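Enquirer: The sequence shown maps to residues 8 to 161 in this note's numbering.
Cβ coordinates follow ideal geometry from the N, Cα and C atoms, glycine included.
Since we're looking at a predicted model, the values are computed, not measured.
If you scroll down you'll find the structure; I have some questions about it.
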Amino acid sequence: MIMRYAALSAMVGLLAFLGLNLGWGPVGLAAHRDLVARRDAMRENAAELRAIGEYLDESIHALQTNVDAVRLRARVLGFVGPGEGIIRIDGYAPPERPLRPGAILVSPPAPEDPTMQLRAVATVVALMTFLILVTVGAEIRRRSNRLGAKKNSR
Numbered sequence: 008m009i010m011r012y013a014a015l016s017a018m019v020g021l022l023a024f025l026g027l028n029l030g031w032g033p034v035g036l037a038a039h040r041d042l043v044a045r046r047d048a049m050r051e052n053a054a055e056l057r058a059i060g061e062y063l064d065e066s067i068h069a070l071q072t073n074v075d076a077v078r079l080r081a082r083v084l085g086f087v088g089p090g091e092g093i094i095r096i097d098g099y100a101p102p103e104r105p106l107r108p109g110a111i112l113v114s115p116p117a118p119e120d121p122t123m124q125l126r127a128v129a130t131v132v133a134l135m136t137f138l139i140l141v142t143v144g145a146e147i148r149r150r151s152n153r154l155g156a157k158k159n160s161r
């Protein structure tokens, strides 16, 4: 009878471990949710890089084919042509285009592997199941023995 309780407790403990591992294990649902969030952040970064690349391609094409674009870009950089001058207005600065191509996404530190904690919880569940089964089984046997003794005496 004790072996049956031990086997049942081991199965309950294994089931608890597998269930906990599915939810909070290193490849469980919580880890999957974090992985999906990181994937989405990388997709956003890739889309931003694509947009910057398209802008730079257009700028290069314009600078290669359009003389006026070259002059405009030279003026933005502070160069002037012969006979031209610069007028500076106090308090006004041209808007800057923040280029961050290849920005590195900071990933959170890798969490500790919770497998040992999950094993400990599953072991406690198995032991508690075993103790409850032994206690309840002993009580049931005691009551059935009393009922059997009463039936035999009648």
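1. With DSSP as the reference, label N28 as helix, strand or coil.
2. State yes or no: is the C-beta of G30 within less than 7 Å of the C-beta of L36?
3. Shortest alpha-carbon distance to P116 belongs to which of S16, D41, I9, Y12?
4. Cα separation between E103 and R80?
5. Report yes or no: do the region 13-27 and the region 135-154 share at least 3 C-beta pairs separated by less than 8 Å?
6. Measure the beta-carbon distance from D97 to P33 and round it to whole angstroms, keeping in mind my assumption that it falls under 8 Å.
7. How would you label V43, buried or exposed, when you count the other beta carbons within 10 angstroms and need 16 or more for buried?
8. Looking at I94: is its Cβ nearer than 7 Å to the Cβ of V87?
9. Between the Cα of Y12 and the Cα atoms of R153, E51, T142, which residue gives the shortest distance?
Expert: Taking the coordinates as given:
1. helix
2. yes
3. D41
4. 13 Å
5. yes
6. With a Cβ gap of about 60 Å, D97 and P33 do not count as contacting.
7. exposed
8. no
9. T142
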